[in-house]
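Enquirer:
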Amino acid sequence: MKIYALSGLGADEQVFNALTLDYELIPILWLTPKSNEAITAYAQRLITNYKIGATRDFGILGVSFGGLIATEISQLTTPKFTLLISSLETKNELNGFLKLIGKSKLLTRIPERLFKPPKVIAHYMFGTDKKELLDAIIDDTDLTFTKWAILKLLNWNNETKIPNLIKIGGTKDKVLPPKGTNTILIENGEHFMIVDRAKEISHIINKALKTYQFK
Numbered sequence: 001m002k003i004y005a006l007s008g009l010g011a012d013e014q015v016f017n018a019l020t021l022d023y024e025l026i027p028i029l030w031l032t033p034k035s036n037e038a039i040t041a042y043a044q045r046l047i048t049n050y051k052i053g054a055t056r057d058f059g060i061l062g063v064s065f066g067g068l069i070a071t072e073i074s075q076l077t078t079p080k081f082t083l084l085i086s087s088l089e090t091k092n093e094l095n096g097f098l099k100l101i102g103k104s105k106l107l108t109r110i111p112e113r114l115f116k117p118p119k120v121i122a123h124y125m126f127g128t129d130k131k132e133l134l135d136a137i138i139d140d141t142d143l144t145f146t147k148w149a150i151l152k153l154l155n156w157n158n159e160t161k162i163p164n165l166i167k168i169g170g171t172k173d174k175v176l177p178p179k180g181t182n183t184i185l186i187e188n189g190e191h192f193m194i195v196d197r198a199k200e201i202s203h204i205i206n207k208a209l210k211t212y213q214f215k
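Here is the structure:
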């Protein structure tokens, strides 16, 4: 079975390197968003580019912002399961203050270059021991994509819950704190735990997929 994997804001397939899954993992690379492109339209472009759904046996994995796109793809296709890590299932899980920022439209006026966070702040917010990897990801980030993605995150309007969901969150995630009773919690896990806690996350995923018998 194939698992199509979407990373977080500006991140690439490196964040999946430490995972040891019992299934074929296919990283999806971000496309440059079109001007004012809706998140659903963007998800459809990824589906077309990667031929997601061309075979019946597949799953979707999304980390952080990638979880939003994974959710959108799951509503446009029929995956056997959807995995969300350090992410959201619906707009109701987003912090109310962040929603207000999104509705204010202030971010639309901010130049793209200001969407690159100082590394010391990123280290704190992501809470990782793998600072060199995080720094490399920040340095390679497409700021056009980052601005578009942040605006889509803060204005996301999805309220639809998806079937066959496995959701994993870290109890110390400062970026997207886990909400909802359907979240498998990783004690002291932070936002970059897809890397820092890869062994534990791999075990949870492999066990869950075997338990639920997604075939």
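By the UniProt record's numbering, the letter at position 127 of the sequence shown is numbered 127, and the numbering carries on one by one without gaps.
Idealized CB from N, CA, C, for every residue including glycine.
All figures in this text were calculated on a predicted structure; none of them were measured in a lab.
Measuring CB atoms only, is the stretch 135-147 touching the stretch 110-121, in the sense that at least three cross pairs come out at less than 8 Å?
Expert: These segments touch.
Enquirer: Go through the stretch 123-171 residue by residue and report every complete run of the beta strand (DSSP E) that reaches 3 residues or more, in order.
Expert: Fully enclosed beta strand (DSSP E) runs of 3 or longer: 165-170.
Enquirer: Check this for me: beta carbons of Leu21 and Ile205, under 8 Å apart or not?
Expert: Cβ distance < 8 Å, so Leu21 and Ile205 count as in contact.
Enquirer: Using beta-carbon positions only, say whether Leu84 and Gly102 come within less than 8 Å of one another.
Expert: Not closer than 8 Å, so no.
Enquirer: Please state whether the Cβ-Cβ distance between Glu72 and Lys179 is less than 8 Å.
Expert: Taking 8 Å as the Cβ cut-off, Glu72 and Lys179 do not qualify as a contacting pair.
Enquirer: Could you spell out the range, first to last residue, of the beta strand (DSSP E) harbouring Lys2?
Expert: Run containing Lys2: 2-6, per the beta strand (DSSP E) assignment.
Enquirer: Contact between the stretch 8-22 and the stretch 35-43 is defined here as three or more beta-carbon pairs at a separation below 8 Å; is this criterion met?
Expert: Result no; under three Cβ-Cβ pairs closer than 8 Å.
Enquirer: Please state if the CB of Ser64 and the CB of Gly8 are separated by a distance shorter than 8 Å.
Expert: In this structure, Ser64 lies closer than 8 Å to Gly8 by Cβ.
Enquirer: Hey, which unbroken runs of the alpha helix (DSSP H) at 4 residues or more fall wholly within the stretch 28-73?
Expert: Taking only runs of at least 4 residues, the alpha helix (DSSP H) segments lying wholly in the stretch 28-73 are 39-50.
Enquirer: Assign Lys215 to one of three DSSP states: helix, strand, or coil.
Expert: Only weak support is given to the placement of Lys215: the predicted model assigns it a pLDDT of 46, under 50, and the question is left unresolved by the model.
Enquirer: Pick helix, strand or coil for Phe81, following the three-state DSSP scheme.
Expert: Here Phe81 sits in strand by DSSP.
Enquirer: When burial is assigned at 16 or more other CB atoms within 10 Å of the CB, is Pro33 buried or exposed?
Expert: Buried: at least 16 other Cβ atoms inside 10 Å.
Enquirer: Provide the residue(s) that pair with Glu24 in DSSP beta bridges, ordered along the chain.
Expert: Its beta-bridge partners are Lys2.
Enquirer: Met1: which of Leu76, Leu151, Thr82 sits nearest, CA to CA?
Expert: For the residues Leu76, Leu151, Thr82, the minimum Cα distance to Met1 belongs to Thr82.
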